[in-house]
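Quick note, the sequence shown lines up with residues 7 to 428 if you use this note's numbering.
Ideal Cβ positions, reconstructed from N, Cα and C, are used throughout, including at glycine.
Notes for the one structure printed next.
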Amino acid sequence: MSKLLSYTLSVCPYCLKEIPAKMTAEQGAVYMEKSCPEHGSMKTLIWEDSPENYLKWLEDGGIRTEDLPRSEEEVYEQMREGEFAGCAQVQPCSAALMTTNRCNMNCPVCFTRKKGDPCYEPTVDTCRAQLAFYRAHAGAGGLVELCGGEPTVREDLPEIAEAARALGFSYVQLNTNGLRLSESTEYCQVLKDSGVTTVYLGFDGVREGAYTTKYGRNLFDEKRRAVENCAKAGLAVVLVPCVIPGSNDDQLGEIIRFAKGYMPAVRGVYFQPVSYFGIYPEGENPRITIPEVIRRLEAQTEGEVKNQDFLPGAYEHAACTFQGIFLCDETGKLRSLNRRMRREKRTDGYRSIRKSTKLLWLPGNQRMLSIGGMAFQDAWNLDLLRIRRCSVQIIGRDRQMRPLCTKYLSDIYGNKLCPGIA
Ligand SMILES: [Zn+2]
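See below:
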């Protein structure tokens, strides 16, 4: 028998129609259950822990769980306070500029595009105008992410980074697969000199299995060379493993060990449990959720990092992120700087998140490592109460900021809820 926890709104993964959804608990896990009048009932894993621990996690992240909607009517009532319509409701901590949808890989799984999408690449002037809009909207303290596709396929990428720096952005992150960076230290130096501060590097593991299923070949050597070249050029690196059950969920501890070996150039490891949008195989979609990622981190580091070292995000929705901050002591062991406590939601909380991201992820010499992650939502598990608190947004050409998860959200055929690229 499943136990009802709360109600929310979601979408049908087949037709993307907005439908009510229930959060339920059963045998030590939390699920989302929903039903489309046309496409029937669906049930998706949300949280691999007891309902008590799930609600405690939300409380620790500043959510008053007693106020969660207990009926469909209550959901609509709460939603009326702010229209959803795919637009952002809160100030972003960080915003992504889509620089291109081209890529130098041809992966069978891709979150940002589907085969046959027309090429989209804004000019440097358009990028500058979008960044200027973001600055006016969010202030110069905002974090900038240059995204793709794969941004490094653009020869004029350094000009875009320069434009961001000229607008006063002190944190400019490049989201990349690292292939181009692995080829040349000089290229990394050019990026650094143009204003890129931080490389957010797709890094799925340290052994073959992490790469071959997803990309068709082993990319570990390229990833390692990219990290080494960034270190030489003075770029900060955050390793970003997409965690896929059965593919690389046994390598999380080894990824932490690898990261420690390249400190202080490597500033963090940011796990992303797999989500399903864009291109993905049909059929069974295996899932892993935040509590299971944390359990595996504790087990695979033999307790060097522990469950209680991790906190939910206090600005974005608590179910979206987890975060730990560690100091590497003289014996080479990670020591947690976090203390588990309840955090209050503050409307200006984005300011402190931006500040701490800069402290942790800008180039520096402190022996600190941040270990955390973000669970993106897809059409199966989309929770509009989470979307309303989204802190990572896309800078639209139409001068709209959009939550990242709704921007990329696609139905099972790859059709997007918000079509067009940025
Ligand atoms: Zn439907």
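- Between the alpha carbons of Q179 and V398 lies a gap of roughly 13 Å.
- Only residues of its own chain outside the window of five on either side were considered, and among them L173 have a CB closer than 7 Å to the CB of A138, listed in chain order.
- DSSP places A172 within a helical segment (H, G or I) once states are collapsed to three.
- Excluding five sequence positions before and after P318, the CB atoms of its chain that fall closer than 7 Å to its own CB belong to W63, D66, G67, A324, T327, F328, given in chain order.
- Here DSSP, grouped into helix, strand and coil, assigns R392 to helix.
- A distance of 8 Å or more separates the beta carbons of V280 and I261.
- Distance from the C-beta of E44 to the nearest heavy atom of ligand 1 is below 7 Å.
- Per DSSP, P297 is not a residue of any beta strand (DSSP E); the alpha helix (DSSP H) it occupies stretches across 296-306.
- Assignment of beta-bridge partners to C334 by DSSP yields L340.
- C-alpha of G215 to C-alpha of S47: approximately 34 Å in a straight line.
- With 16 or more other CB atoms across the displayed protein chains lying within 10 angstroms of its CB, T363 is buried.
- Out of N291, T132, F226, G155, the CA that lies nearest to the CA of A169 is found in T132.
- In the same chain as R141, and ignoring 5 residues on each side of it, the C-beta atoms closer than 6 Å to its own belong to L173, in chain order.
- Residue pairing of A27 in beta bridges, as defined by DSSP: T14, K40.
- For the pair K413 and P19, the Cα-to-Cα distance works out to about 15 Å.
- Contact check for L245 and V275: beta-carbon distance about 5 Å, within the 8 Å limit, so the pair qualifies.
- Between ligand 1 and Y20, a heavy atom-to-CB distance of less than 7 Å is present.
- When only Cα atoms are considered, L11 and L197 end up about 48 Å apart.
- The beta carbon of N183 sits closer than 7 Å to those of M111, E156, G208, all from its chain and outside the five residues before and after it, given in chain order.
- When C-beta atoms of the region 364-374 are compared with those of the region 307-318, fewer than three pairs fall below 8 Å, so the two segments do not count as touching.
- When only Cα atoms are considered, Y60 and S8 end up about 15 Å apart.
- For V243, the enclosing beta strand (DSSP E) has its first and last residue at 242-246.
- The beta-carbon separation of E127 and R160, rounded to 7 Å, stays under the 8 Å limit for a contact.
- By the criterion of a C-beta distance shorter than 7 Å, T71 is surrounded in its chain by L61, L64, E65, once the five residues flanking it on both sides are discounted.
- DSSP places A138 in the uninterrupted alpha helix (DSSP H) bounded by 130-144.
- E83 has its alpha-carbon roughly 44 Å from the corresponding atom of Q257.
- Cβ contact annotation for L303 (same chain, cutoff 6 Å, sequence separation greater than five): L258, V311, in chain order.
- Under DSSP, I401 shares a beta bridge with M407.
- In this structure, the beta-carbon distance from S188 to P164 does not fall below 8 Å.
- Under DSSP, the beta-bridge partners assigned to M104 are C153.
- Between L185 and E151, the C-beta spacing is not below 8 Å.
- Residue side-chain check: K23 places its Cβ nearer than 7 Å to a non-hydrogen atom of ligand 1.
- For I25 against V17, the beta-carbon gap comes to about 7 Å, under 8 Å, which counts as contact.
- The Cβ atoms of A135 and F175 lie no closer than 8 Å to each other.
- DSSP places F382 in the coil class of the three-state scheme, outside both helix and strand.
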